[in-house]
Amino acid sequence: MQINITFNDKQIACDSNQTIVDVAKEQGAFIPTLCHDSKLEPYGSCWVCLVEVKNARGFVPACATKVMDGMVVETENDRVKAARQMALGLLLSNHSGDCIGPCVDTCPAGCDVQGYTALIANGMEAEAIKLIKETLPLPASLGRVCPHPCETECRRNLVEEPVSICYLKRHAADFDLNSGQPYLPPVAPNSGKKVAVVGAGPAGLTAAYYLRQKGHQVTVYEALPKSGGWLRYGIPQYRLPKEVLDQEVKTVTDLGVEIKYNQRLGQDVTLEGLKDQYDAVFLGMGAHASSRMGVENEEDRGVVAGIDFLKRLTLGEPFDFAQGKIKKVAVIGGGNTAIDAARTSLRLGAQEVFIVYRRSEKEMPANPFEIEEAKHEGVKFQFLTAPTRVIACTHDKNGAISCQKMELGEPDASGRRRPVPVQNSDFHIEADLIISCIGQSPDLSGLGENHNLKITRWTTLETDPETGATADPKIFAAGDMATGAATVVEAIGGARKAALAIDKYLRYDKTEKKVKQYNITKGKINQVPKDLFADEPKKAKAKMPMLEPSQRRNFDEVEKGFSRLTAIEEAKRCLECGCADMQECKLRDYATVYDVMVQRFMGEVKQHPIDDSHPFLVRDQSKCVMCGRCVRMCLEVVGAAALGFVYRGFNAIVAPTMEKPYPESPCVSCGACIETCPVGALTERVRHIKPSPWKMEKVPSVCTFCGVGCGLDLNIMDNKVVRVTGSEDSPVSQGSLCFKGKFGFELLHSLERLSAPLAKAGAKHKEIAWSEAINKVNNDIDAMVKKYGPDSVAVFASGRTSLEEAEGLRSWADKKGVKQFGSFAYVENGRALNAVENILGKASGKGYQSLSEAKTIFLIGSDAYAEHPVFSQMIRKAVKGGASLYSLQERSTKLGEIAAQELVIKKGGLPFALNGVLKALLAKCNSKYPGYKELTKALGKLSAAAVSTNSGLKKGDIEDLAKLILSEQNCFFIFNAEGIDAETATALANIILLIDVSENFIALRAKANATGVDRFVNIDASGILKGKIKAAVLLNDDPVGSLTDGAKVKTALAKLEKLIVCDMFLTETAKLADIIFPASGFAESDGSFINSEGRLQHLQAGIKPISGRTTRQVLVELGGAPLPNLPKERQKGKQFGIPSLKKGKAVSVGFASDVMEKKAAELKKKEGLLR
-4 MQINITFNDK
6 QIACDSNQTI
16 VDVAKEQGAF
26 IPTLCHDSKL
36 EPYGSCWVCL
46 VEVKNARGFV
56 PACATKVMDG
66 MVVETENDRV
76 KAARQMALGL
86 LLSNHSGDCI
96 GPCVDTCPAG
106 CDVQGYTALI
116 ANGMEAEAIK
126 LIKETLPLPA
136 SLGRVCPHPC
146 ETECRRNLVE
156 EPVSICYLKR
166 HAADFDLNSG
176 QPYLPPVAPN
186 SGKKVAVVGA
196 GPAGLTAAYY
206 LRQKGHQVTV
216 YEALPKSGGW
226 LRYGIPQYRL
236 PKEVLDQEVK
246 TVTDLGVEIK
256 YNQRLGQDVT
266 LEGLKDQYDA
276 VFLGMGAHAS
286 SRMGVENEED
296 RGVVAGIDFL
306 KRLTLGEPFD
316 FAQGKIKKVA
326 VIGGGNTAID
336 AARTSLRLGA
346 QEVFIVYRRS
356 EKEMPANPFE
366 IEEAKHEGVK
376 FQFLTAPTRV
386 IACTHDKNGA
396 ISCQKMELGE
406 PDASGRRRPV
416 PVQNSDFHIE
426 ADLIISCIGQ
436 SPDLSGLGEN
446 HNLKITRWTT
456 LETDPETGAT
466 ADPKIFAAGD
476 MATGAATVVE
486 AIGGARKAAL
496 AIDKYLRYDK
506 TEKKVKQYNI
516 TKGKINQVPK
526 DLFADEPKKA
536 KAKMPMLEPS
546 QRRNFDEVEK
556 GFSRLTAIEE
566 AKRCLECGCA
576 DMQECKLRDY
586 ATVYDVMVQR
596 FMGEVKQHPI
606 DDSHPFLVRD
616 QSKCVMCGRC
626 VRMCLEVVGA
636 AALGFVYRGF
646 NAIVAPTMEK
656 PYPESPCVSC
666 GACIETCPVG
676 ALTERVRHIK
686 PSPWKMEKVP
696 SVCTFCGVGC
706 GLDLNIMDNK
716 VVRVTGSEDS
726 PVSQGSLCFK
736 GKFGFELLHS
746 LERLSAPLAK
756 AGAKHKEIAW
766 SEAINKVNND
776 IDAMVKKYGP
786 DSVAVFASGR
796 TSLEEAEGLR
806 SWADKKGVKQ
816 FGSFAYVENG
826 RALNAVENIL
836 GKASGKGYQS
846 LSEAKTIFLI
856 GSDAYAEHPV
866 FSQMIRKAVK
876 GGASLYSLQE
886 RSTKLGEIAA
896 QELVIKKGGL
906 PFALNGVLKA
916 LLAKCNSKYP
926 GYKELTKALG
936 KLSAAAVSTN
946 SGLKKGDIED
956 LAKLILSEQN
966 CFFIFNAEGI
976 DAETATALAN
986 IILLIDVSEN
996 FIALRAKANA
1006 TGVDRFVNID
1016 ASGILKGKIK
1026 AAVLLNDDPV
1036 GSLTDGAKVK
1046 TALAKLEKLI
1056 VCDMFLTETA
1066 KLADIIFPAS
1076 GFAESDGSFI
1086 NSEGRLQHLQ
1096 AGIKPISGRT
1106 TRQVLVELGG
1116 APLPNLPKER
1126 QKGKQFGIPS
1136 LKKGKAVSVG
1146 FASDVMEKKA
1156 AELKKKEGLL
1166 R
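Heads up, the sequence shown is in my numbering, so the first residue is -4 and it goes up one at a time.
Listed below in structure tokens is the structure:
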């Protein structure tokens, strides 16, 4: 009924059966929901969807509140926001885990460490570098010099040692640079905007890299002769080879970035001039001004600043090492520059090098690894020592540095203990060269006098740390200009943020801070209990191959890099801390939108062990928000009732029945609980690769197992299907899948897949070239046709074959003169649909949607729950909507639990039961269709005793069924087309025709395109058993291994003179073949399928075929047509069929002559899921 309501101050009309959430969706208004699923009745448990309704007492849950005429609804205001914020805070107060890995959270550049580590573990370096370069443009350089704070927080520390994250990044980057075609990201169309970047160091190159990707014209002004900044002029060659840096800079300039060298700000160009010429200016100059030691005689010619020392060496300016004038060097300071200066001095020829540092080694800011390497190379350390005076060199006396011993006092502002002098502890250290590495800061002199930028007391620019914005709206800054002397990765992180802000400024004339995603975490490394990882097997950390200390008196790179195998094994050590559902977690998204402050409600947080007892899914109760969707989906939609609430109150959890392990529960492994879970409490257990919460490409496709035709999305990463998710947009399944659809994709990546053509060689097969295989098959078939005639050859295809492949096979055969097309799916049972087609005029009935209109549903000879699980969900929905289900089966089935009546028939008794009902109907019905009299006469011979004896049903049961059929105008009949025999099909079709509802049926098919392949079939496959066929070509057909009576077929196939097979695996049938072609899997080729309701659906390729060719390409190379010429559905006149009044044949679908069905069953059995 149409009603009128006020919705967010707008008068609208809507249906009275709708909830507020339904209306909001139509109106495009956002209302968050967690416990709501369109397949379930409203529950209203999470209270995240609260809205205000005028005159209501308090807030109301939008998902569970139906609209009423005159209702006034407000979905967004401060009160509603506060209520949702509180609801989310309460949920999060007992939600434990890590949204993102601690490595990602710690990285100053926000690099997806967990993501690229997993890609490297899978040997996907090409994808890893793409992911890395989303946040880091110079990973080969950074992989050599980064202090890797991520490794400090790596949870692997709680097992033994951290993952070598930095070296893995270097491995991926080196792999890319050495590939011959380094990765270049796509560049957006020209924006018409120009940006000047000052400084070609890490910050400047980063800003240029990301601004260019946005389509802006970027010009970089660099004061020195080459780019790289501190990477070139401050880090020695033995740590970062300049050839590597040059390659990385080229990946920036190859995007279209221009770099102008020897252009010093304040001399060659001015800030005002750049502002006039460009739409925005980015300042990324490094910290090249050195700090003073503040001691007497510091200006002596024997003293040089560390940054000047390293820079002059790179520029080719000599020092007197080679002449032997500099034998002893004293380096003052404790940072990485001091270490670099000391190790460089040894390489230049110094005989003795001291590092003088006023604190202890523990307080030293340099990378501990670099300190250790300096010791190995012979650098001596004077800790707790401070310089007091420089003693100048004379013509007859060496210089020295006068020092004083120190001791540690109270901590200072940096958190380190302040050194205080020890009285009467002065001493001298002889030194020909004193290198001061006390600190450094940006040189702001180039800004000029008229700039309006704000300067901090640390001689840096005052900037917004999230956008790099300065006091001048046209000028942005990052790196050392904003932070002071810091790490390369910090400069890169800040510059990328600034580049994104500049892009916003150029497009919208405003800078916006990126919304920070809400994150929960188990805590810093020192807050996480070590016993959480007590069961994790220990695995030694990979060691970096290095030059021996004795070989380091030159500038050859010391660290040689991981081999590919080492990198893969090291990456596998990752513990996958970040949540697998991070990309799709609704709770995280809503917490971000509503700026939730979870500390408000924090108290005891329940920590639960992860349940990994199921081979295909993982349950993390610590992340569960108790919304109940998984429990209800499993019970109400699937019908399995494998999950339930256990305990009460704060101790309540969701778990399998009686807290049993999953394999002991009624779980059918359909993944519906995963699909409906709004958080990361239930996730797929990805088994064929190391997983990570990547952003993956989603390719829509269709399940190619049974004939229901469920829609699915292939989640792709680097030519691999990582997981499959149900397609919510599918008109067939609305997001539902069964085990085969959800997890059967693993077979695509099976190591048993065929990848090249094979030819019989004695008792075995050997690989041959494609051209040889193609020619041999064509020649062999031509010879057979010439020798025996075209009727001696037949082609066969299973219901997994697409329409395009079937037409390719048919058209190729047609060119040979071969007209016979069959399918082994029917060799055991005959084709029951022939009887339906002959009686009802065609073999297809109505669509699935018709079930919603049915008042009475008859399910005959079909265990839909086991054979067509998603269709059984449609039946459950229809029953829930008011339809009555009557089930006639040879054994009790799961759907019998919801049936108004389940009648269990004796084996072979279905035709007797149906003919008994038909006879009862004939007594009360007339019909205009041909064969009516003959049918009446034939059934006159059928006695009630025969019906009862053979079917096991009482006379009253038969009469009740007949009355039911007559009393209901909208009866609907469902049967398994491959699960009943022709006699049963004849009786059923006669009933449907008699009551004149000739389209009120659905014939469920065993295979995805059995309905489509049927249109090509023109022979009975059983003919091959009679020896009429001399040569056969089988496409996706495995009758020997995938039919229950395969032995009989094997005998017949073994007698053929020529057998050609095209399939994904070396099937039992393929083992008999002369030539075998590898077939492509469902995710590897485009195609079209017709499902059980007659719907034409399209598959889309998501990955490349492992053989390099799709099945369609193989058929085209043989000579088949590239495009389908789909035969029309056969149409006949309606007429009654005459029953034989015999018992039905024992029917066994087996695996429908398809190895994929067999492999899926074997997979389930192997994992202990077949009961």
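Beta carbons are placed, not taken as given, at the ideal position from N, Cα and C, and that holds for glycine.
Listed in chain order, the non-local C-beta contacts of E1152 below 6 Å within the same chain comprise F1146, local neighbours out to five positions each way being set aside. The beta carbon of M539 lies closer than 8 Å to those of S159, Y162, E554, K555, G556, F557 in the same chain, with the five residues before and after it left out. Distance check between E978 and each of G138, K1138, A801, V681 places K1138 closest, using alpha-carbon atoms only. Non-local C-beta neighbours of E485 in its own chain, meaning closer than 7 Å and more than five positions away in sequence, comprise P103, T478, ordered along the chain.
Scanning its chain for C-beta atoms nearer than 6 Å, with the 5 sequence neighbours on each side dropped, one finds around T339 the residues P231, in chain order. In this structure, DSSP gives L235 a state outside helix and strand, which the three-state scheme calls coil. Counting along the chain, C1057 sits inside the beta strand (DSSP E) bounded by residues 1053 to 1058. With at least 16 other beta carbons inside 10 angstroms of its own, N910 counts as buried. For A754, the three-state secondary structure derived from DSSP is strand. The C-alpha of R627 lies about 47 Å from the C-alpha of V182. By the CB criterion at 9 Å, A57 and I15 fall inside the cutoff. Here C698 has C705, L707, G736 as same chain residues with Cβ atoms under 6 Å from its own Cβ, once five neighbours each way along the sequence are excluded. Within the segment 315 to 353, complete alpha helix (DSSP H) segments of at least 4 residues are found at 331 to 343, given in chain order. Beta-bridge annotation (DSSP): N971 is paired with L999. Secondary structure within the segment 193 to 269: the beta strand (DSSP E) runs of 3 or more consecutive residues, fully enclosed, are 212 to 216, 253 to 255 (chain order). When C-beta atoms of the segment 297 to 304 are compared with those of the segment 431 to 439, three or more pairs fall below 8 Å, so the two segments count as touching. Under the rule that a run must span 4 or more residues, the alpha helix (DSSP H) segments found entirely inside the segment 543 to 582 read 559 to 566. When Cβ pairs closer than 8 Å are counted between the two stretches, the segment 866 to 881 is seen not to touch the segment 977 to 993, the count staying below three.
In this structure, DSSP gives E36 a state outside helix and strand, which the three-state scheme calls coil. Residue environment for R354: buried (at least 16 other C-beta atoms within 10 angstroms of its C-beta).
P437 places its beta carbon 9 Å or farther from that of G199. The segment 1082 to 1091 makes no contact with the segment 764 to 775; the number of CB pairs closer than 8 Å stays below 3. In the three-state reduction of the DSSP assignment, D708 falls in the strand class. Contact between the segment 441 to 449 and the segment 261 to 270 is present: 3 or more CB-CB pairs across the two stretches fall below 8 Å. Annotated three-state conformation of M653 is helix, per DSSP. Contact between L612 and G573 does not hold, since their C-beta atoms are separated by about 18 Å, which reaches or exceeds 8 Å. Taking P726 as reference, the option from P236, M81, Y843, S420 with the minimal CA-CA separation is Y843. Under the DSSP assignment, Q109 falls outside any beta strand (DSSP E), being part of the alpha helix (DSSP H) whose first and last residues are 108 to 116. Runs of the alpha helix (DSSP H) spanning 4 or more residues and lying entirely within the segment 106 to 173 occur at 108 to 116, 120 to 127, 134 to 140, 144 to 148, 160 to 172, in chain order. Following the DSSP letters along the chain, one finds Q1130 in no beta strand (DSSP E), marked with neither H nor E.
Contact between L804 and V790 is confirmed by a C-beta separation of about 5 Å, below the 8 Å threshold. If the five residues before and after S660 are omitted, its C-beta is found closer than 6 Å to the C-beta atoms of A637, P651, T652, all from its own chain and listed in chain order. Put simply, of L709, V244, R227, R748 the residue whose alpha carbon is nearest the alpha carbon of G730 is L709.
Between the C-alpha atoms of I1071 and H760 there is a straight-line separation of about 9 Å. In the displayed model, M359 falls within coil according to three-state DSSP, outside both helix and strand. DSSP lists P651 as the bridge partner or partners of L638.
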